[in-house]
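In our numbering, the protein residues as written are 20 to 179.
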């Protein structure tokens, strides 16, 4: 179903009070048979967000797309997660941080990943297929395939 020229929602997907913002300058593509719960915020900010098939995003999660975001198939995202494929530059002391621009490396979350509640995923990260990210973790580096990672910052503890 196409609601807006830059927003495509696949067949049998269910969205409940989802907020879409800043669509004009970016795009959002949601695959088939996805469930996106109440009060999820999805905003591309000039980038592209692609959510695969059979994904579930739970309440109060925030999904940005500045530097592009790809979420694979069969991905579970628990409540209150924040995914931000951009970061402020802050190297210069003579210029306010808000005026220094951003990095936009993007984020890739491969197939069959489970992201626990209150996880933050930062710019430039790739989470490998089959990985599990424990609740409350901050992912600032790549997570390998089938890894179980937890903590601040997230570290691999074992493999599935």
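We put the CB at the ideal spot given by N, CA and C, even for glycine.
Roughly how many angstroms separate the alpha carbons of residue i and residue j, rounded to a whole number?
| i | j | result |
| --- | --- | --- |
| residue 14 | residue 140 | Here the chain comprises residues numbered 20 to 179, so residue 14 is not present and cannot be evaluated. |
| residue 158 | residue 171 | 8 Å |
| residue 93 | residue 112 | 43 Å |
| residue 80 | residue 37 | 10 Å |
| residue 99 | residue 72 | 21 Å |
| residue 23 | residue 47 | 10 Å |
| residue 176 | residue 77 | 25 Å |
| residue 56 | residue 137 | 15 Å |
| residue 179 | residue 144 | 20 Å |
| residue 51 | residue 132 | 17 Å |
| residue 34 | residue 54 | 6 Å |
| residue 152 | residue 166 | 8 Å |
| residue 117 | residue 146 | 28 Å |
| residue 107 | residue 66 | 16 Å |
| residue 154 | residue 119 | 32 Å |
| residue 32 | residue 58 | 16 Å |
| residue 86 | residue 68 | 9 Å |
Report, in whole angstroms, the separation of the C-beta atoms of residue i and residue j, which I expect to be a contact under 8 Å.
| i | j | result |
| --- | --- | --- |
| residue 75 | residue 95 | 5 Å |
| residue 121 | residue 105 | 5 Å |
| residue 83 | residue 64 | 6 Å |
| residue 102 | residue 126 | 6 Å |
| residue 40 | residue 25 | That pair is no contact at about 12 Å. |
| residue 61 | residue 97 | Their Cβ separation, rounded to whole angstroms, is 16 Å, which puts residue 61 and residue 97 out of contact at 8 Å. |
Using a threshold of 8 Å, state whether the C-beta atoms of residue i and residue j are closer than that.
| i | j | result |
| --- | --- | --- |
| residue 29 | residue 49 | yes |
| residue 164 | residue 173 | no |
| residue 91 | residue 148 | yes |
| residue 142 | residue 124 | yes |
What residue does the beta strand (DSSP E) around residue i start on, and which one ends it?
| i | result |
| --- | --- |
| residue 168 | 166 to 169 |
| residue 42 | No beta strand (DSSP E) contains residue 42, which DSSP labels as neither H nor E. |
| residue 83 | 81 to 83 |
| residue 174 | 174 to 178 |
| residue 112 | Where residue 112 is concerned, there is no enclosing beta strand (DSSP E), given that its DSSP letter is neither H nor E. |
| residue 70 | 67 to 70 |
| residue 90 | 88 to 90 |
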